[in-house]
Amino acid sequence: MTTTKSTRAGKQRKARANAPLHKKRRMVAAHLSSALMSEYNVRSLTVKRGDTVKVVRGPEGVKGVESKVASVDLNECKIIIENITIAKADGTQKQRAIDPSNVLITKLDLSDPWRKRKLDSLKEARA
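In this note's numbering, each number is its position in the sequence shown, counted from 1, plus 32.
In structure tokens:
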């Protein structure tokens with residue numbers, strides 16, 4: 033992604049598709065629940081494996097599901113959530129990829145000390 037700004041939709045899509053992984057990491061962010069938002073004074077965070085999320089948009093059977101994030105696919109900018117599957121043509125089940133803009137983070141995985149330190153510093157700075 034270059035520093036030059038373009039308003040053309042095709043160029044925006046191309047920049048997102050061809051972005052390096054360290055920049056795509058920022059694109060896999062989701063809003064926090066109101067309780068977490070008031071606790072950390074931040075609206076959205078990058079989704080990580082182990083976070084608990086609730087699907088707020090999507091088809092029946094997917095919307096409303098609250099479960100842990102199984103994995104994050106940076107190449108596709110999608111997240112895989114436990115217990116959300118889709119039936120394939122041969123009848124087997126496959127995990128369904130969800131766009132992170134359609135989920136709400138309800139519980140954070142703070143096992144990463146760097147992430148915990150970062151959130152604590154954000155909380156103090158924005159208090």
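We put the beta carbon where it would ideally sit given N, CA and C, even for glycine.
Grouping DSSP H, G and I as helix and E and B as strand, with all else coil, what is residue 114?
Translated into the one-based positions of the sequence shown, residue 114 becomes position 82. Here residue 114 sits in strand by DSSP.
Cβ-Cβ separation, residue 79 to residue 111 (assumed contact under 8 Å), whole Å
For the purposes of this step, residue 111 is taken as residue 79 along the sequence shown, with counting starting at 1. For the purposes of this step, residue 79 is taken as residue 47 along the sequence shown, with counting starting at 1. Confirmed, Cβ separation roughly 5 Å.
Taking only three categories from DSSP, how would you classify residue 105?
Taking the sequence shown and counting its residues from 1, the one referred to as residue 105 is at position 73. Three-state DSSP puts residue 105 in a strand.
Evaluate contact between the stretch 64 to 74 and the stretch 136 to 148, counting only Cβ atoms and requiring at least three cross-stretch pairs below 8 Å.
Segments in contact, yes.
Leaving out five residues on either side along the sequence, give the residues of the same chain with a beta carbon under 6 Å from the beta carbon of residue 115.
Position 83 of the sequence shown, counting from 1, holds the residue named residue 115. Excluding positions up to five away in sequence, the list reads 99.
C-alpha gap between residue 119 and residue 152, whole angstroms:
Your numbering for residue 119 matches position 87 in the sequence shown. Your numbering for residue 152 matches position 120 in the sequence shown. Their backbone Cα atoms lie some 42 Å apart in a straight line.
List the endpoints of the continuous beta strand (DSSP E) containing residue 86.
Locating residue 86 in the sequence shown gives position 54, counting from the first residue. Element bounds for residue 86: 84 to 87.
Hey, out of 147, 91, 77, whose CA is closest to residue 85's CA?
Mapped onto the sequence shown, residue 85 falls at position 53. The option with the nearest alpha carbon to residue 85 is 77.
Classify residue 92 as helix, strand or coil using the three-state DSSP reduction.
The sequence position of residue 92 within the sequence shown is 60, counting from 1. Of the three classes helix, strand and coil, the one that applies to residue 92 here is coil, per DSSP.
If you check the beta carbons only, do residue 103 and residue 81 fall under 8 Å apart?
On the sequence shown, position 71 is the one that residue 103 refers to. On the sequence shown, position 49 is the one that residue 81 refers to. Yes, the pair counts as a contact, with Cβ atoms nearer than the cut-off.
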